[in-house]
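Trainee: Would you mind keeping the following structure in view while I ask a few things?
Residue numbers (our numbering): 1024 to 1441.
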């Protein structure tokens, strides 16, 4: 699980900003949302939401984490030797030439790790990885430009891989390409970081194949079962997601088209609508754009809840029917539907998640983060708890009124101002 993310000099972020998933001293003792985890003294939150005005930089915070993920996974084979590092530093003043920092503290199988790097436009300036098995710090490696220092606890062919690491590539990324077993643990954590609405340009073919593959695997023997090993199977979760969207969809099926000489076999999806007519199945291609967006957004959501990891979403309500946003947040927050400690971090303008119209707010006070820009156009990230709102305080009303510093996006919200 992610404990903390730190980023500096990235897009509108100038000074170091920190997003922590560590639970604060808020809420009731019987609140099950904060998770007790082996290997860490404090409870960890499964959900965090970033609020703020348009162009305040909330997307840039999560974009920094997405950039870090891509660097770890891709830098050794996608960043070409003569093309430097595709970073996006703060655009104004002297900071444009200064390094960018990216660092995470994570918990994997009961062991805390701290991994990070410092990069310029051309090279990796620093890179480091520390581990705390049994609570004792181990230096696995430290990098200063192309000078490496390996700790005695990092086994493997470190020196040989050092010689294969380019100046503009991360050591972790290179090491995994050459099957460094011990570094698979941190690399594997980043591979389980999924993104949604960050400009992915994958053709729908790949989305459809991914969804169909998951459904096909899950439905071989359990298509009509409600649970598998005491948990809802993927088909049941998919159906539940569609039904909760209140789109009138009651079922779905997958059909595989015949392969031809010029075309590979492609899965076709059909959705059944709640109508009185007997034949109520429609192909996904004939559904509304909103339904198609929801359908394809379901893949990373269900993958993350079903297999663990971290999902970062830009504008959660932009991917989902409005009634579904709270349902998804509740799914991640509930240990019964999220027993593997999957995490969700998202930006949003949806103030309903802060309100009490339908009972307790979906978000705890320590799950809410705010962004604003100062007079120099620099993004500042801070927790709602910095304002110490009372337990009984109407967070939705307070946010809309600008009580917490960040000026929200305002639509027709006069009803809460009365």
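By construction, the Cβ of each residue, glycine as well, lies at the ideal position given by its N, Cα and C atoms.
From a predicted model like this one, the values you see are computed outputs, not experimental measurements.
Out of 1215, 1110, 1180 and 1292, which one is the CA nearest neighbour of residue 1449?
Mentor: Residue 1449 lies beyond the residue range present for the chain, which begins at 1024 and ends at 1441; the question has no answer from this structure.
Trainee: In this structure, does DSSP put residue 1404 in helix, strand or coil?
Mentor: strand
Trainee: Give the straight-line distance between the Cα atoms of residue 1137 and residue 1126, rounded to the nearest whole angstrom.
Mentor: Going by the C-alpha atoms only, they are around 7 Å apart.
Trainee: Residue range of the alpha helix (DSSP H) that residue 1322 falls in?
Mentor: 1312 to 1330
Trainee: Name the DSSP beta bridge partners of residue 1123, please?
Mentor: 1142.
Trainee: Terminal residues of the continuous beta strand (DSSP E) containing residue 1075?
Mentor: 1070 to 1075
Trainee: Tell me the DSSP secondary structure of residue 1240 in three-state form.
Mentor: Residue placement at residue 1240 is poorly supported in this model, since its pLDDT is 44, which falls under 50; the coordinates still yield a value, given next. Residue state, collapsed to three classes: helix.
Trainee: For residue 1155, which three-state DSSP category applies?
Mentor: strand
Trainee: Using a Cβ-Cβ cut-off of 6 Å (strictly less than) and excluding sequence neighbours within five positions of residue 1368, which residues of its own chain qualify?
Mentor: 1071 and 1335
Trainee: Among 1204, 1384 and 1187, which has the Cα closest to the Cα of residue 1352?
Mentor: 1384
Trainee: Would the region 1077 to 1090 and the region 1186 to 1203 be scored as touching if the rule is three or more Cβ pairs under 8 Å?
Mentor: As far as the Cβ criterion goes, the region 1077 to 1090 does not touch the region 1186 to 1203, which means the pair count is below three.
Trainee: Residue 1393 and residue 1364 - do their beta-carbons sit closer together than 9 Å?
Mentor: no
Trainee: By how many angstroms is the C-alpha of residue 1424 removed from the C-alpha of residue 1211?
Mentor: 43 Å
Trainee: Quick one: grab the DSSP three-state call for residue 1221.
Mentor: The DSSP-derived three-state label of residue 1221 is coil.
Trainee: How is residue 1030 classed by DSSP in three states: helix, strand or coil?
Mentor: DSSP places residue 1030 in the strand class (E or B) of the three-state scheme.
Trainee: State whether the region 1308 to 1322 contacts the region 1191 to 1206, with contact taken as three or more CB pairs (one from each stretch) at a distance under 8 Å.
Mentor: no
Trainee: Express the C-alpha separation of residue 1024 and residue 1061 in angstroms, rounding to a whole number.
Mentor: About 11 Å.
Trainee: Could you work out which residue in 1035, 1140 and 1049 is closest to residue 1406 when comparing CA atoms only?
Mentor: The residue with the shortest Cα to Cα distance from residue 1406 is 1049.
Trainee: Measure the C-alpha to C-alpha separation of residue 1023 and residue 1356 and round it to an integer number of angstroms.
Mentor: Within the shown structure, residues of the chain are numbered from 1024 to 1441, placing residue 1023 beyond reach of any answer.
Trainee: Verify whether the separation of the beta carbon atoms of residue 1135 and residue 1213 is less than 9 Å.
Mentor: no
Trainee: Shortest alpha-carbon distance to residue 1153 belongs to which of 1169, 1142, 1175 and 1143?
Mentor: 1175
Trainee: Return the Cβ separation of residue 1068 and residue 1337 in integer angstroms, given the expectation that the two are a contact with Cβ distance under 8 Å.
Mentor: Taking the Cβ atoms as the reference, residue 1068 lies roughly 19 Å from residue 1337, outside the contact range of under 8 Å.
Trainee: Where does residue 1306 land, buried or exposed, given buried means 16+ other C-beta within 10 angstroms?
Mentor: Counting every other CB atom within 10 Å of its CB across the protein chains shown gives residue 1306 a total below 16, marking it as exposed.
Trainee: So what does DSSP say about residue 1041, is it helix, strand or coil?
Mentor: strand
Trainee: Which residues bound the beta strand (DSSP E) around residue 1418?
Mentor: Counting along the chain, residue 1418 falls outside any beta strand (DSSP E), though it belongs to the alpha helix (DSSP H) covering 1418 to 1423.
Trainee: Do residue 1041 and residue 1058 have their C-beta atoms closer together than 9 Å?
Mentor: In terms of Cβ geometry, residue 1041 and residue 1058 do not form a close pair [threshold 9 Å].
Trainee: Along the chain, which unbroken stretches of the beta strand (DSSP E) at least 3 residues long are found entirely within the region 1192 to 1219?
Mentor: 1216 to 1219
Trainee: Output needed for residue 1196: all residues of its chain with C-beta closer than 6 Å, excluding positions within five of it in sequence on either side, in chain order.
Mentor: 1095, 1098 and 1099
Trainee: If you draw a straight line from the C-alpha of residue 1426 to the C-alpha of residue 1418, how long is it?
Mentor: 9 Å
Trainee: Looking at the structure shown, is residue 1175 part of a helix, part of a strand, or coil, going by DSSP?
Mentor: coil
Trainee: Using the C-alpha atoms, what's the distance from residue 1359 back to residue 1031?
Mentor: Their Cα atoms are separated by approximately 36 Å.
Trainee: Take residue 1156 and list the residues in its own chain whose beta-carbon comes closer than 6 Å to its own, dropping the five residues that flank it on each side.
Mentor: 1134
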